[in-house]
Amino acid sequence: MLAQEYLRRILKARVYDVAQETPLDYAVHLSEKLDNKVLLKREDLQPVFSFKLRGAYNRMVHLTAEEKARGVITASAGNHAQGVALAASRLKCRAVICMPITAPSVKVEAVKRFGGKYVEVVQEGRSFTESADCAARLQRERNLVFVHPFNDPDVIAGQGTIAMEILHQYQPSDGDQIDAVFCAIGGGGLISGIATYIKSLYPGIQVIGVQTKDSCAMKKSIDAGHPVDLSQVGLFSDGTAVKAVGDETFRVCSEYVDDIVLVDSDEVCAAIKDIFDDTRSIVEPAGALGVAGAKAWARHNNITGKTLVAINSGANMNFERLRFVTERAAMGEEKEAMYAVTIPEERGSYRKFCHLIGDRAVTEFNYRISDKHVAQIFVGIQTKSPGDADNLLSLFTKAGLKSLNLTHDELTKLHIRHMVGGKSPLAVNERLFRFEFPEYPGALLRFLTTMNPDWNISLFHYRNNGSDYGRVLVGIQVPPEDDERFHKFLEKLGYPYVDESQNPVYKLFL
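Counting along the sequence shown from 1, when you hit position 429 you're at 429 in UniProt numbering, and nothing is skipped either side.
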């Protein structure tokens, strides 16, 4: 389908029966921080707190009488599900909604509330793709009409009305045009609608997608020249946790999207805080991707004096998740750094170390005696500027102290900072692994029961931080002769894992 056909569909889209024209707000603090004019498109203010109702309603309002009588089915991580539920209620159409078990409870309950008696929720699978497999099976069994969350022209056109509003709302002064629009990408429906509309009318405006580094199916697909399926996806940004993009969204993004920026979880957390500072509103991780991408793009390309629009695409996040966000936001802003430092095991060493770092605040300090001569300390320090973390490393080196910058080490941020305790002489043949599993009542017990009793667990750390997936660190004693059998066990386990056995911080502290 050509961009001009999408333009026609967007102009005729039926979205305002349920959707609102959301504000395009000037972000004062972000603009000052980036030295660019930053505007926030507030899709987090929609009735379902996400843009997704636009595409869902526009697709369902085009159902024939026969299709409506059969009922619809969809798969969604949460936001599209709410849009379908609201549309089903308004149109009095039966809907089955398949959601992954990792979907935040706030989204699951909202789906039930918006849909009422017209909606049946089925939770199955750990990602959108697995839920989509469930939906495909039920569609065949029950002869339902599938409402795709992104790979459908009517859905894409519905999302494209956001671009129509942006260009209507922004009235630039002479020479002050919009330079770039930043948009989260999961399956690609949102950015496909925005890109086709903008490029049809103002081809000079850059349309830039944003994905997390561990859920970047669209980026990898475009780089490869064909759709690529990911074996695993990160679950932090659950709204964009898509293993495979659609053929139509891939085609549109390949042709009309100028660039895709990748960000990590810390940068997303920092973006959530930035949005809060400007709006006093809290968005979900996927909802903050636009801002995170704008910040990364401006910083990496030394961009100043431009007008940047970021789509705040959603705000459906469990309240308990804020603990993780607040812990990681400072590192995403490069206002905190973490180090492993070796100091002499003698009285007064910590005092000398504090004198060395000067007036910088210590945010955390962990130590356990384990050697007669040297002490391995774990320390978090507030930094004054992005380059200050490297300055501290140089300072330690000049003072004759061995040190490691652990600020970007996931093992450290997730586990080590909570469990420094020293080495055990009993941990013979120990290997260290990080696992992730979907968080729900009984999930930890289920994980433990999957562990093979043939190998002893020598270390275990789990911390519930309100996220939608649990993170556990496990030390397992595996004799060398069991190596092949152990690796087969890991592959059959079914949980994403990272081998941390060679991580320097493991050797220092555990």
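Built from N, CA and C at the ideal position, the CB exists for glycine as well.
For residue i, which option in the options has the closest C-alpha, if you only look at C-alpha atoms?
{"i": "residue 424", "options": "458, 61, 437", "result": "458"}
{"i": "residue 534", "options": "462, 363, 400", "result": "In the structure as shown, the chain starts at 1 and stops at 510, and residue 534 therefore has no counterpart that could be examined."}
{"i": "residue 100", "options": "216, 33, 83, 75", "result": "75"}
{"i": "residue 88", "options": "98, 72, 436, 346", "result": "72"}
{"i": "residue 136", "options": "112, 119, 489, 96", "result": "96"}
{"i": "residue 252", "options": "408, 218, 284", "result": "218"}
{"i": "residue 493", "options": "509, 448, 508", "result": "448"}
What is the residue span of the alpha helix (DSSP H) that residue i lies within?
{"i": "residue 299", "result": "289-300"}
{"i": "residue 276", "result": "265-279"}
{"i": "residue 159", "result": "153-169"}
{"i": "residue 10", "result": "3-11"}
{"i": "residue 247", "result": "247-256"}
{"i": "residue 511", "result": "There is simply no residue 511 to check, as the chain begins at 1 and stops at 510 in what is shown."}
Confirm, please, whether the CB-CB distance from residue j to residue i is below 9 Å.
{"i": "residue 211", "j": "residue 258", "result": "no"}
{"i": "residue 396", "j": "residue 403", "result": "yes"}
{"i": "residue 511", "j": "residue 298", "result": "Past the boundaries of the shown model lies residue 511; the chain is included only from 1 to 510, so the question cannot be answered."}
{"i": "residue 325", "j": "residue 378", "result": "no"}
{"i": "residue 150", "j": "residue 189", "result": "yes"}
{"i": "residue 161", "j": "residue 256", "result": "no"}
{"i": "residue 44", "j": "residue 313", "result": "yes"}
{"i": "residue 121", "j": "residue 60", "result": "no"}
{"i": "residue 477", "j": "residue 431", "result": "yes"}
{"i": "residue 512", "j": "residue 339", "result": "The requested residue 512 is not part of the displayed model; the chain covers only 1 to 510."}
{"i": "residue 55", "j": "residue 80", "result": "yes"}
{"i": "residue 268", "j": "residue 289", "result": "yes"}
{"i": "residue 209", "j": "residue 260", "result": "yes"}
{"i": "residue 315", "j": "residue 281", "result": "yes"}
{"i": "residue 156", "j": "residue 248", "result": "yes"}
{"i": "residue 85", "j": "residue 119", "result": "yes"}
{"i": "residue 233", "j": "residue 242", "result": "yes"}
{"i": "residue 433", "j": "residue 499", "result": "yes"}
{"i": "residue 286", "j": "residue 186", "result": "yes"}
Establish whether the CB of residue i and some CB of chain C are separated by less than 9 Å.
{"i": "residue 209", "result": "Among the chains of the structure shown, chain C does not appear; only one protein chain is present."}
Can you tell me which of the three DSSP states residue i falls into?
{"i": "residue 426", "result": "coil"}
{"i": "residue 505", "result": "helix"}
{"i": "residue 193", "result": "helix"}
{"i": "residue 87", "result": "helix"}
{"i": "residue 389", "result": "helix"}
{"i": "residue 99", "result": "strand"}
{"i": "residue 438", "result": "strand"}
{"i": "residue 150", "result": "coil"}
{"i": "residue 177", "result": "coil"}
{"i": "residue 221", "result": "helix"}
Cα separation between residue i and residue j?
{"i": "residue 279", "j": "residue 49", "result": "15 Å"}
{"i": "residue 426", "j": "residue 274", "result": "47 Å"}
{"i": "residue 158", "j": "residue 11", "result": "9 Å"}
{"i": "residue 123", "j": "residue 102", "result": "9 Å"}
{"i": "residue 317", "j": "residue 303", "result": "31 Å"}
{"i": "residue 346", "j": "residue 373", "result": "8 Å"}
{"i": "residue 6", "j": "residue 193", "result": "8 Å"}
{"i": "residue 34", "j": "residue 19", "result": "31 Å"}
{"i": "residue 1", "j": "residue 138", "result": "29 Å"}
{"i": "residue 284", "j": "residue 238", "result": "9 Å"}
Taking the continuous beta strand (DSSP E) assigned at residue i, which residues delimit it?
{"i": "residue 183", "result": "180-184"}
{"i": "residue 36", "result": "Counting along the chain, residue 36 falls outside any beta strand (DSSP E), and DSSP gives it neither H nor E."}
{"i": "residue 208", "result": "206-212"}
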